[in-house]
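Notes for the one structure printed next.
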Ligand SMILES: [Zn+2]
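Numbering (this note's numbering), first residue to last: 1245 to 1570.
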């Protein structure tokens, strides 16, 4: 069965009638929101600015919450999700299948994969990438379970909060976090621990959220912080003065005052928003926006906290590279 929209509970009948009456108005509003989001994306593109990453450091946005960081020959991934089946395929009866050929084509040699939580749009591709590159993966117990299903448990590290893991020139630590309550602000979709026990059962709903982590990375004299879902446990974030905040913005409408809370904690110099693209389209197709993410509105929220933050944007598969060798 194909469900019409991700994460949404069925609408009451009266709401359906209101929506039909408002369809044209709704389409016009969506069209103008899309145009506004596209112009915001272009206005903040990293290529338009003089500032640069440290020499030799590379940051690539992989779409959704996924990133690649490369430095001195070591390549890290965070929450890679490149397979991106269509909406119909995502909610079909059968298991989700990673696209191994696509992953081999789009990624260089990978040393390690960091995972913030195990929903399908953060974890589906991780076992195949780990297998292709003999890479270690770091994340929650749910991730270790998923790796074990593929016979790869020996490559998985169940992380401890705030412990520092050295991966080549990178120092990585994990901060306890929480997921946005995307189901009408009341519940996390597919919540709980990963318990599926055979590969044929790995449909979308089997990818349970598990423990959620914010990820802190120090490399080349700068720091990154990755937030994969738009909510946080305020008092667990001890890091301040982050250089580059990789800020997941999907679902922030369900987390009270998310933007102000997270920026007040991390005090980032540069904010790079992500998880606003329509991930039911192929990653190398033209960019679409997820419903109700409102990139332009996010920029207004940032400015309302402080005009001092720099916002920089990337498109899927766009790389921001520091000039020279590190
Ligand atoms: Zn999620």
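Ideal Cβ placement from N, Cα and C applies to all residues, glycine included.
Check the DSSP bridge columns for residue 1491 and list the partner residues they point to. Numbered from its first residue, the chain shown carries residue 1491 at position 247. In the DSSP output, where bridge partners are listed per residue, residue 1491 has 1471 and 1517.
Enumerate in chain order the residues of its own chain whose CB-to-CB distance from residue 1550 is below 6 Å, with the five nearest sequence positions on each side excluded. Within the chain shown, the letter at position 306 stands for residue 1550. Excluding positions up to five away in sequence, the list is empty.
Member of 1313, 1466, 1453 and 1502 whose CA lies at the smallest distance from the CA of residue 1389: Your numbering for residue 1389 matches position 145 in the chain shown. Residue 1389 has its Cα closest to that of 1453, out of 1313, 1466, 1453 and 1502.
Can you tell me which of the three DSSP states residue 1423 falls into? Residue 1423 sits at position 179 when you count from the first residue of the chain shown. Residue 1423 falls in the coil class under three-state DSSP.
Take the Cβ of residue 1446 as the centre, count every other Cβ of all protein chains shown within 10 Å, and call the residue buried at 16 or more, exposed below. Residue numbering aside, residue 1446 sits at position 202 when the chain shown is read from its first letter. That one is buried.
Got a sec, what are the start and stop residues for the beta strand (DSSP E) residue 1377 sits in? If you number the chain shown from 1, residue 1377 lands on position 133. Note, residue 1377: premise wrong, no beta strand (DSSP E); alpha helix (DSSP H) at 1370–1377.
With distances taken Cα to Cα, identify the nearest neighbour of residue 1405 among 1399, 1396, 1411 and 1416. Here residue 1405 is taken as the residue at index 161 of the chain shown, counted from 1. With distances taken between Cα atoms, residue 1405 lies closest to 1416.
Sequence-distant residues of its chain with Cβ nearer than 6 Å to residue 1265 (five each side left out): On the chain shown, residue 1265 is found 21 positions in, with the first residue counted as 1. The predicted model places residue 1265 with a pLDDT of 43, which falls under 50 and marks its position as unreliable, so this point remains unresolved.
Straight-line Cα distance separating residue 1349 from residue 1567: The sequence position of residue 1567 within the chain shown is 323, counting from 1. The sequence position of residue 1349 within the chain shown is 105, counting from 1. So the two alpha carbons sit approximately 25 Å from each other.
Beta-carbon gap between residue 1321 and residue 1328 smaller than 8 Å: Position 77 of the chain shown, counted from the start, is the residue given in the question as residue 1321. Position 84 of the chain shown, counted from the start, is the residue given in the question as residue 1328. Their beta carbons are not under 8 Å apart, which means residue 1321 does not touch residue 1328 by this criterion.
Just list the residues that DSSP pairs residue 1410 with in beta bridges. The residue labelled residue 1410 in the question sits at position 166 within the chain shown. According to DSSP, which records beta bridges pairwise, residue 1410 is partnered with 1415.
Within the structure, which residues are defined as neighbours of ligand 1 by a Cβ-heavy atom distance below 7 Å, reported in chain order? 1361, 1363, 1365, 1366, 1423, 1453, 1472 and 1473
Counting only the same chain and skipping the five closest in sequence on each side, list residues whose C-beta sits under 7 Å from that of residue 1364. As a working note, residue 1364 is residue 120 in the chain shown. Answer for residue 1364: 1340, 1448 and 1451, listed in chain order.
Might you give, ordered along the chain, the residues of its own chain that have their beta carbon closer than 6 Å to the beta carbon of residue 1506, omitting 5 neighbours on each side? Locating residue 1506 in the chain shown gives position 262, counting from the first residue. The residues are 1476.
For residue 1265, which three-state DSSP category applies? Residue numbering aside, residue 1265 sits at position 21 when the chain shown is read from its first letter. Low local confidence applies: a pLDDT of 43 at residue 1265 is under 50, so the model's placement there is unreliable, and no value is given.
Return no unless some Cβ of chain D is closer than 8 Å to the Cβ of residue 1530. The structure shown contains no chain D; it is built from a single protein chain.
Would residue 1308 and residue 1498 be called neighbours here (beta carbons separated by less than 8 Å)? Looking up residue 1308 in the chain shown gives position 64. Looking up residue 1498 in the chain shown gives position 254. Taking 8 Å as the Cβ cut-off, residue 1308 and residue 1498 do not qualify as a contacting pair.
With DSSP as the reference, label residue 1199 as helix, strand or coil. Residue 1199 cannot be examined here, being either before or after the span of the chain that is shown, 1245 to 1570.
Let me know the secondary structure DSSP gives residue 1362 once reduced to three states. Residue mapping note: residue 1362 aligns to position 118 of the chain shown, counting from 1. Three-state DSSP puts residue 1362 in coil, outside helix and strand.
Cutoff 7 Å; reference residue 1207; Cβ partners in own chain excluding five residues on either side: The chain is shown only over 1245 to 1570; residue 1207 falls outside these bounds and no answer can be derived.
Touch check for the segment 1372–1387 and the segment 1488–1502: three-plus C-beta pairs under 8 Å? no
Any chance the segment 1505–1520 sits against the segment 1329–1338, with 3 or more Cβ pairs inside 8 Å? no
Consult DSSP for residue 1325 and reduce its assignment to one of helix, strand or coil. Stepping through the chain shown from its first residue, residue 1325 is reached at position 81. Note: residue 1325 maps to coil in three-state DSSP.
Would you kindly work out how many angstroms separate the C-alpha atoms of residue 1291 and residue 1441, rounded to a whole number? As a position in the chain shown, residue 1291 is number 47, starting the count at 1. As a position in the chain shown, residue 1441 is number 197, starting the count at 1. Rounded to whole angstroms, residue 1291 to residue 1441 spans 46 Å at the Cα level.
Starting from the N-terminal side, write out each stretch of the alpha helix (DSSP H) that is 4 residues or longer and does not extend beyond the segment 1516–1563. 1539–1549
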